[in-house]
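Engineer:
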Amino acid sequence: YGSVLILLILAAGVLFPFLYAFTSGLKGSTEIFSSGLRLFPKDPQWSNYREAWESFEMIHLFNNSFVIVSVGVVLRITISSLAAFALSRLKPIGGRFIMMGFFITLMIPGIAYLVPLFVTLKKLPVVHLNLLDSYWGLWLPYSTSAFAIFVLKNFFDRIPSEIIESARIDGASQLQILVRIVLPLSRSIILILAILTFMDLWKDYLLPFLIISDPTRQPITVRLFYLADNYYGVNLQMAAAFIALLPPLLVAILLQRYLKTGLTLGGVKG
């Protein structure tokens with residue numbers, strides 16, 4: 012019973028911010044500032060959510076975010092898979108040092124290289140392109156992930172070498188081996204990385220804030236900050252914020268069984 016009680020307390024602590032955001036969106040503009048922790052409103056104003064949806068133009072903001080995040084997920088999974096396969100099966104010279112370089116980048120906080128990244132995107136080396144105010148200025152940084160490469164490499168290492176050698180003897184190229192054998196056997200871990208990447212990119216605020224200045228192209232995290240700060244009451248801000256967190260929340264709830272599978276995955280099923 013003690014462990015169950017602890018888990019219930021932890022669950023309540025995790026769920027409280029979501030519940031508070033939802034109920035705050037149902038309150039009036041003055042009730043939300045009332046003293047004390049009053050979780051539920053006296054008179055729920057469901058129209059706040061409709062007003063927030065229309066006033067903040069949530070459809071347009073959702074569209075911007077889905078474009079940014081979906082392409083970012085595809086690019087990250089694609090590039091990480093290629094890099095992981097090369098390190099796992101092609102055995103390049105200096106592969107250990109390359110992996111060590113990836114490990115070093117994991118120890119550096121992301122905010123530390125925002126300024127160099129901004130300068131680089133302002134004038135891309137060699138081609139001298141300005142990627143500011145362009146989705147490519149987000150997609151290129153999003154496409155690389157040392158964590159994803161490390162996870163995929165470890166998973167690819169577990170694939171029996173006999174399968175790879177049989178395909179190579181049959182005349183399959185390295186790309187065919189990756190696409191037709193390795194990736195199908197790695198569906199579970201790729202799906203897990205896609206889910207984690209989706210939630211990670213959806214909540215990203217600082218990089219889009221620096222790169223995208225055009226209001227019509229900003230993702231939902233950035234645009235809500237500008238709109239809420241200037242025009243609307245806190246109750247509508249909370250309603251809009253709760254609507255904005257629904258996609259990653261639904262993804263986490265609906266696909267949680269795949270996340271559990273990934274955490275306990277110990278081998279390859281073929």
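If you read the sequence shown in our numbering, its first letter stands for residue 12, the second for the next number, and so on. Just so you know, even glycine gets a beta-carbon here, dropped at the ideal spot from N, CA and C. Every value quoted in this text rests on a predicted model; they were computed, and no experiment measured them.
Exposed or buried, what is K133 when buried is set at 16 or more other beta-carbons lying within 10 Å of its beta-carbon?
Structural biologist: Classification for K133: exposed.
Engineer: Near Q248, which residues of its chain fall below 7 Å by C-beta distance, leaving aside the five closest residues on each side in sequence?
Structural biologist: Taken in chain order, the residues that qualify are A239.
Engineer: S91: which of G39, P219, A205 and P55 sits nearest, CA to CA?
Structural biologist: Nearest option by C-alpha distance: A205.
Engineer: Taking its Cβ as the centre, do 16 or more other Cβ atoms sit within 10 Å of D225, making it buried, or is it exposed?
Structural biologist: Looking at its Cβ environment, which holds fewer than 16 other Cβ atoms inside 10 Å, D225 is exposed.
Engineer: How far does the alpha helix (DSSP H) with A123 in it reach, from first residue to last?
Structural biologist: Counting along the chain, A123 falls outside any alpha helix (DSSP H), and DSSP gives it neither H nor E.
Engineer: Between V193, T89 and L50, which has its C-alpha nearest L26's C-alpha?
Structural biologist: Of the candidates V193, T89 and L50, the one whose C-alpha sits nearest the C-alpha of L26 is L50.
Engineer: Check I104 in the structure and name its three-state DSSP category.
Structural biologist: I104 falls in the coil class under three-state DSSP.
Engineer: Quick one, are the C-beta atoms of I188 and Y269 less than 7 Å apart?
Structural biologist: Against a cut-off of 7 Å, the Cβ pair of Y269 and I188 comes out as no contact.
Engineer: What three-state label does DSSP hand G281 in the structure shown?
Structural biologist: Interpretation of G281 is limited by its pLDDT of 39, a score under 50 that renders its predicted location unreliable; the figure taken from the coordinates is listed afterwards. Here G281 sits in coil by DSSP.
Engineer: Give me the Cα-Cα distance between H71 and G106, rounded to the nearest whole angstrom.
Structural biologist: If I take the Cα positions, the gap works out to 44 Å.
Engineer: Could you tell me the boundaries of the alpha helix (DSSP H) in which G287 lies?
Structural biologist: The chain is shown from 12 up to 281; residue 287 falls before or after that span and cannot be answered.
Engineer: Is D144 helix, strand or coil when you go by DSSP?
Structural biologist: Three-state DSSP puts D144 in coil, outside helix and strand.
Engineer: Give the range of the alpha helix (DSSP H) segment to which D211 is assigned.
Structural biologist: That run of the alpha helix (DSSP H) goes R198 to W213.
Engineer: Can you tell me whether V138 is helix, strand or coil according to DSSP?
Structural biologist: It is coil, neither helix nor strand.
Engineer: Do the region 76-94 and the region 156-170 make contact, defined as three or more Cβ pairs closer than 8 Å?
Structural biologist: Flag = yes, the region 76-94 and the region 156-170 touch.
Engineer: For P230 versus I79, is the C-beta spacing smaller than 7 Å?
Structural biologist: Cβ distance < 7 Å, so P230 and I79 count as in contact.
Engineer: Taking the CB atoms as reference points, tell me whether A263 and F67 lie closer together than 7 Å.
Structural biologist: It is not a contact, given that the beta carbons lie outside the stated cut-off.
Engineer: Please list the terminal residues of the continuous alpha helix (DSSP H) segment that includes R49.
Structural biologist: Unbroken run through R49: none, as it is neither H nor E.
Engineer: According to DSSP, simplified to helix, strand and coil, what is G13?
Structural biologist: Looking at G13 - three-state DSSP - the assignment turns out to be helix.
Engineer: For F220, which residues of its own chain have a beta-carbon under 7 Å away from its beta-carbon, when the five flanking residues on both sides are left out?
Structural biologist: V233, listed in sequence order.
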